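Down below is the structure, laid out as structure tokens.
Written out as structure tokens, the structure is:
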């Protein structure tokens, strides 16, 4: 009888453990996964913001899809699943709004365009004209048609009458982080990135900031996807993006309020 009781007790404990584990898995599976397609220049700030948001909304799990804004726009147009779109340019967002793929949007933050060189690179930098110097052989720039930073860079170079003169030096990249990598590794002598990208690397320095009137204003809009599978949760994150705690994180990473 004693052995029988001990056996029953062990069985009860085992079944209790199984039930608890099953309950934990069930609770975990109840989490709503929100897909956030975001410009790659937001990667560091959004990773920190993710922890803050999920701490208060434990039932939501943020899944990020980072890339150039133009590429993400095309993915959404082709039917890729997404709940929120964060672009580094208004052009991509406006296109999706025009096609009724984004139900509403708002401007979240702004940024600045800078030229970076390696920390041991060119010391004297009187202006953008310096890019025409013989010692500047390769200049990294995002593809203007799909990378907003590349579009802004083209505008700035056109403004300075340098676009046509520098064609043979330009090295095109898939996104702004690749520009940063090219300069860090010496595959480019200079590159156009956002100020926030320059801040994350100790291998580059800002040679100069481009005048704000030389290119369109750099605005990051957030959009709520019309076909979101989780509209209520997506709305919660959409609202959070302009909350005081979110803006504090964005400012920490060098962004500014629009």
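Residue numbers (the working numbering): 4 to 261.
Heads up, the beta-carbon is just placed ideally off N, CA and C, and yes, glycines get one too.
Please read these numbers as outputs of a predicted model, since none were measured by experiment.
Under a Cβ-count criterion, where at least 16 other Cβ atoms within 10 Å of its own Cβ denotes burial, should residue i be classed as buried or exposed?
i           : result
residue 178 : buried
residue 58  : exposed
residue 218 : buried
residue 262 : Residue 262 is absent from the model: the chain starts at 4 and stops at 261.
residue 198 : buried
residue 129 : exposed
residue 157 : buried
residue 40  : buried
For the beta strand (DSSP E) holding residue i, just list the boundary residues, first then last.
i           : result
residue 173 : 173-176
residue 169 : Neither: residue 169 is in no beta strand (DSSP E) and is coded neither H nor E.
residue 41  : 35-42
residue 193 : 193-197
residue 88  : 87-89
Roughly how many angstroms separate the alpha carbons of residue i and residue j, rounded to a whole number?
i           : j           : result
residue 206 : residue 223 : 26 Å
residue 152 : residue 196 : 6 Å
residue 79  : residue 97  : 13 Å
residue 106 : residue 94  : 16 Å
residue 90  : residue 61  : 26 Å
residue 185 : residue 33  : 42 Å
residue 112 : residue 145 : 20 Å
residue 190 : residue 233 : 43 Å
residue 54  : residue 63  : 11 Å
Please list the terminal residues of the continuous alpha helix (DSSP H) segment that includes residue i.
i           : result
residue 75  : 72-80
residue 179 : 179-187
residue 48  : 46-59
Pop quiz: residue i and residue j are said to be a contact at Cβ under 8 Å. What is the actual Cβ separation, rounded to whole angstroms?
i           : j           : result
residue 99  : residue 76  : 6 Å
residue 84  : residue 43  : Their Cβ separation, rounded to whole angstroms, is 19 Å, which puts residue 84 and residue 43 out of contact at 8 Å.
residue 52  : residue 225 : Not confirmed; about 12 Å, so no contact.
residue 213 : residue 159 : 5 Å
residue 227 : residue 243 : The pair is not a contact, with the Cβ atoms about 12 Å apart (cut-off 8 Å).
residue 163 : residue 132 : 7 Å
residue 169 : residue 116 : Actually they are not in contact, since the Cβ atoms of residue 169 and residue 116 sit about 16 Å apart, beyond 8 Å.
residue 150 : residue 208 : That belief does not hold up - the Cβ atoms of residue 150 and residue 208 are roughly 22 Å apart, past 8 Å.
Got a sec: does the ligand MN put a non-hydrogen atom nearer than 7 Å to the Cβ of residue i?
i          : result
residue 60 : Of the ligands one can find in the structure shown there are none, so the ligand MN has no counterpart to examine.
Determine, for residue i, whether the minimum Cβ-Cβ distance to residues of chain B falls below 8 Å.
i           : result
residue 141 : Included in the structure is just one protein chain, with no chain B present.
Length at least 4, wholly inside the segment 209-251: the alpha helix (DSSP H) runs in chain order: 234-243
Runs of beta strand (DSSP E) lying entirely within the segment 91-165, each at least 3 residues, in chain order: 105-113, 116-121 and 142-145
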